[in-house]
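Peer 1: For the record, the sequence lines run as chains A and B. If you want this note's numbering, it's the position in the first sequence, counting the first as 1, plus 3. If you want this note's numbering, it's the position in the second sequence, counting the first as 1, plus 3. Even for Gly, the Cβ is constructed at its ideal location relative to N, Cα and C. For reference, the structure I am asking about is given below.
Protein chains: 2
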Amino acid sequence: MRVRRRNPDRVDEVTGPLDVAALLAHLEVNPTTVLVILDGNLVTSATVLSDEADVEIRPVISGGAGPSRCHDCRGPAVIEEPRHRSAWCGEHFVDHVHRQIRKAIDHDRMFSYNDRILLAVSGGKDSLALWDALLTMGYGADGLYIGLGIGGYSKRSGRVCAEFAAKRGVELITVDLQEAYGYTTPSGSQASGRTTCGVCGLSKRYVFNRVAVEGGYDVVVTGHNLDDEAAVLLNNVLHWHEDFLARQRPLLPATGPNQVRKAKPLYRLSEREMAAYCVLRGIDYVVEECPLVDGNTGQEHKETLSALEAGSPGAKAQFLFGFLDRAEQLFPRRDDATAVALGECQTCGMPTTAAVCAFCKQRTRILVDLQGDPTGPAAAARQLPIVSTS
Amino acid sequence: MRVRRRNPDRVDEVTGPLDVAALLAHLEVNPTTVLVILDGNLVTSATVLSDEADVEIRPVISGGAGPSRCHDCRGPAVIEEPRHRSAWCGEHFVDHVHRQIRKAIDHDRMFSYNDRILLAVSGGKDSLALWDALLTMGYGADGLYIGLGIGGYSKRSGRVCAEFAAKRGVELITVDLQEAYGYTTPSGSQASGRTTCGVCGLSKRYVFNRVAVEGGYDVVVTGHNLDDEAAVLLNNVLHWHEDFLARQRPLLPATGPNQVRKAKPLYRLSEREMAAYCVLRGIDYVVEECPLVDGNTGQEHKETLSALEAGSPGAKAQFLFGFLDRAEQLFPRRDDATAVALGECQTCGMPTTAAVCAFCKQRTRILVDLQGDPTGPAAAARQLPIVSTS
């Protein structure tokens, strides 16, 4: 059979027939870190693959073995989720994902049906799946895509987001870093000497908030999932970053003017669940990973936690949810009296604890290096229209 | 050259000459997890090994590359320690180990020169190295060896401890579980249905304390090192075991009568440092690991942390020491008013929160299964002499 694998893309020829479990064992692939897709459908471990089969093994992280009947209707299952000791058919798996999102929204009082929601979309599985879910569940969510200027990867990501929005007739706001601020993630990193992830993260957080403030949105929503949050938590605990631990919450309230609250409704769902949701809902997403983040610490921590999860399903969720249950007591949020007062950035007017905000400082440094001049397309930022809507 | 490796024991033939770094790369061995020993001496990464060389690669976990001159005297170094960005000659490495032990003893006020110290020795590198260090540093420490009945492994361990004590003319107390309590770790595990590690741990903790109380010792000292403590910490954090986190300290004070305080003076030193100390001081120890603990969670967590350490030297210490710095605030010890009152066990008189202590309950269950009778050699334990001194 033909076996397609991703990151990097490659095709192996394997002699069949073989069941999925045997194929994965043969390829030394941890079943809990992949989806197996045959003719566009998800298949489970006991499915026998013929010698003529054309199979895709899609990396995702988390999941595996178990029963093969749907937990809800007892029909044939298409996905097993050891953490829940369950399997589901496609329809009821989608219900399961919606239930977990509901639970997150309700438990943390993230937003209501009346709120104007701005969803940060990257073109990856998590944010597009979340967009689909929020729309299906009756929430009014506009998308925000930031063009980071990472070559073909950014082009493909932007196209996928635009196609998603067009197909569903929903609004997509696009901000191109180069057009709006005069640099891309790679050029900004080179000019400032900061890591690409550092430049990218600061730029995205700033643009999310700014677009939300200027557009009158009530909440910024991101697609961070259980694996993302658990990996960040592991890193924060290994270094005992108390300040970060005090801010690691599924809902971060606004702490002053010109700030919009942030919510992560996918924190109860794994990467694997989100990838499966996309396959089942026919959502086309960019499977390739950002070419600039290869081998970073977050990825390492995800692998560590996946190894743990393979030996003891649910370990990842126990780690994250156990933290969240105790977080207010162990690492209290300091939004109130003890917090440093927020002022307005002299350059852009966005909230900051200094005279000029970290984003404007970084941008000035980048523009001076790139063009010997600290003024770029949006230097007089408050006057310029920085968003274009699809 | 002949390359001897351990756990499992094996010998490879490798064509020389090669330097140590190239040899380890060839064998795909992470240099930070082993010591390389040539003719009984430690050698560093740039040492060239001839085709006739007879080399031992001894697994230990932690350490690696760096300068090759002694940090203290600039003479040729025999061991590099990336965490300290240092290397040492044999003499000054021994000083370094003594300094770290001093720092632990002083910082946590573990014990004084007047205290009667009971050191739990297993025959492994950590406890024998600690015994050597304490005696060298002027402390009066008697050894306590517990015969666990794990076949040849226990026989070899007991012999190594007895030889150490005889050579230095110090006292070794030996308690044989079978003789004193009527079961071994394997038979007790089979009879009770508990894991061998569970039966072993409960038995050892009990005997440590009881021998210390009955012998009038001031403190029980164990050889837990930085890797041990960091691995336990990782497990406790992944599961958010708040009670265990509240008790994970280098010094645990006695909280009632018939209890002796416990100290871990090696918590600032890695496994690799302790193994190197043994080689440098000519201490013969049992390199083989207990055959019953293969592949347990502690070992997994050690590997996780070693992978992290390889990428960022000092990560392990930062994790453990960062915790200890914050432990009293985040996970306060409950030795005082809020602690459950300790009473005397009805069977043996040792401290317990129940009518009968966990050890006596376990022992009764084991003896009933083994011989259909809850009385064993030490059932009337308070009257029986349970210790024999060498």
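#1: In angstroms with no decimal places, state the Cα-to-Cα distance between residue 145/B and residue 38/B.
#2: Residue 232/B CB to nearest chain A CB: under 9 Å?
#3: Along the region 309 to 326 of chain B, where does the CB come closer than 8 Å to a CB of chain A? Name the residues.
#4: Would the region 198 to 205 of chain A and the region 267 to 279 of chain A be scored as touching if the rule is three or more Cβ pairs under 8 Å?
#5: Buried or exposed: which applies to residue 246/A, given that a residue is buried once 16 or more other Cβ atoms fall within 10 Å of its Cβ?
#6: From which residue to which residue does the beta strand (DSSP E) around residue 175/A run?
#7: With distances taken from CA atoms, which of 139/A, 165/A and 121/A is nearest residue 98/A?
#8: Would a C-beta distance cut-off of 9 Å place residue 2/B and residue 176/B closer than the cut-off?
#9: From residue 191/B to residue 74/A, what distance separates their C-alpha atoms?
#10: Which of the residues in the region 218 to 245 of chain B, read from start to end, lie with their CB under 7 Å from any CB of chain A?
#11: Looking at the structure shown, is residue 89/B part of a helix, part of a strand, or coil, going by DSSP?
#12: Three-state secondary structure (DSSP) at residue 8/A?
#13: Compare the C-beta of residue 307/B with all C-beta atoms of chain A and state if any pair is closer than 9 Å.
#14: Residue 329/B versus chain A: which residues are under 8 Å apart at the beta carbon?
#15: Can you list, in chain order, the residues of its chain with a C-beta nearer than 6 Å to that of residue 265/B? Leave out the 5 residues immediately preceding and following it.
#16: Buried or exposed for residue 318/B, going by 16 or more other Cβ atoms inside 10 Å?
#17: Identify whether residue 67/B lies in helix, strand or coil by the three-state DSSP scheme.
#18: Which complete beta strand (DSSP E) runs does the region 29 to 77 of chain B hold, if anything under 3 residues is left out?
#19: Report all residues from its chain with a CB closer than 6 Å to the CB of residue 261/B; omit the five preceding and five following residues, and keep chain order.
#20: Return yes when the Cβ of residue 151/B is within less than 9 Å of the Cβ of residue 195/B, no when it is not.
#21: Apply the 10 Å Cβ neighbour rule to residue 166/A and answer buried if 16 or more other Cβ atoms are within range, or exposed otherwise.
#22: Hey, out of 100/A, 9/A, 57/A and 111/A, whose CA is closest to residue 21/A's CA?
#23: Could you check the C-alpha separation between residue 230/A and residue 310/A for me, to the nearest Å?
#24: Return yes when the Cβ of residue 301/B is within less than 9 Å of the Cβ of residue 235/B, no when it is not.
#25: Indicate whether residue 149/B and residue 123/B have their beta-carbon atoms separated by less than 9 Å.
#26: Residues of the region 117 to 138 of chain A in Cβ contact with chain B at a cutoff of 8 Å, in chain order, please.
#27: Under 6 Å Cβ to Cβ from residue 104/A, same chain only, skipping five residues before and after it: list those, please.
#28: Taking only three categories from DSSP, how would you classify residue 185/B?
#29: Counting only beta-carbon atoms, is residue 334/A nearer than 9 Å to chain B?
#30: Go to residue 375/A, then tell me how far its alpha helix (DSSP H) extends in each direction, as first and last residue.
#31: Residue 36/A and residue 313/A: beta carbons closer than 9 Å?
#32: Are the beta-carbon atoms of residue 399/A and residue 43/A separated by less than 9 Å?
#33: Please report the straight-line C-alpha distance between residue 93/A and residue 244/B, rounded to a whole angstrom.
#34: Let's test the definition: count the other Cβ atoms within 10 Å of the Cβ of residue 34/A and tell me whether it reaches 16, buried, or not, exposed.
#35: Under 9 Å between the Cβ atoms of residue 346/B and residue 361/B?
Peer 2: Put simply:
#1: Looking at the backbone, the Cα of residue 145/B and that of residue 38/B are separated by about 29 Å.
#2: Chain A, which has no Cβ nearer than 9 Å to the Cβ of residue 232/B, makes this no.
#3: Residues 310, 311, 314, 318, 321, 322, 325 and 326.
#4: Segments in contact, no.
#5: Residue 246/A should be labelled exposed.
#6: For residue 175/A, the enclosing beta strand (DSSP E) starts and ends at 175 to 179.
#7: When each option's Cα is compared against that of residue 98/A, the closest is 139/A.
#8: Absent from the structure is residue 2/B, since the part of chain B shown begins at 4 and ends at 393.
#9: Straight-line Cα distance between these residues: approximately 41 Å.
#10: Against chain A - using a Cβ distance shorter than 7 Å - the residues of the region 218 to 245 of chain B are 240, 241, 242 and 243.
#11: Look at residue 89/B here: in three-state DSSP terms it is strand.
#12: The three-state reading of DSSP puts residue 8/A in strand, counting E and B together.
#13: Yes, contact with chain A.
#14: Neighbours of residue 329/B on chain A, chain order: 243 and 245.
#15: Setting aside the 5 residues that flank it on each side, residue 265/B is surrounded in the same chain by 223 and 255, each with a C-beta closer than 6 Å to its C-beta; the list follows chain order.
#16: By the neighbour-count rule (16 or more Cβ atoms within 10 Å), residue 318/B is buried.
#17: With a pLDDT of 37 at residue 67/B, under the threshold of 50, the modelled position of that residue is not reliable, and the figure given next carries that caveat. In the three-state DSSP reduction, residue 67/B falls in the coil class, being neither helix nor strand.
#18: Counting only runs of 3 or more, we get 37 to 41 and 57 to 62.
#19: Within the same chain, Cβ atoms closer than 6 Å to the Cβ of residue 261/B are found at 216, 353 and 354, the five residues on either side in sequence being excluded.
#20: No, the pair does not count as a contact, with Cβ atoms beyond the cut-off.
#21: Exposed, since its Cβ has fewer than 16 Cβ neighbours within 10 Å.
#22: Checking every option, the nearest Cα to that of residue 21/A belongs to 57/A.
#23: When rounded, the distance between both Cα atoms is 12 Å.
#24: In this structure, residue 301/B lies closer than 9 Å to residue 235/B by Cβ.
#25: Cβ distance < 9 Å, so residue 149/B and residue 123/B count as in contact.
#26: Within the region 117 to 138 of chain A, no residue has a Cβ that lies closer than 8 Å to any Cβ of chain B.
#27: Within the same chain, and ignoring the five residues on either side of residue 104/A in sequence, the residues whose Cβ sits closer than 6 Å to its Cβ are 136 and 268.
#28: DSSP, reduced to helix, strand and coil, places residue 185/B outside both helices and strands of the structure shown, so it counts as coil.
#29: Using a Cβ-Cβ cut-off of 9 Å, residue 334/A counts as an interface residue toward chain B, since at least one Cβ of chain B sits closer than that to its own.
#30: Counting along the chain, residue 375/A falls outside any alpha helix (DSSP H), and DSSP gives it neither H nor E.
#31: Cβ distance < 9 Å, so residue 36/A and residue 313/A count as in contact.
#32: Outside the displayed span of chain A (4 to 393) sits residue 399/A, for which this structure offers no information.
#33: Computed Cα separation, rounded: 37 Å.
#34: Residue burial annotation: residue 34/A is buried, with at least 16 other C-beta atoms found within 10 angstroms of its C-beta.
#35: Contact: no.
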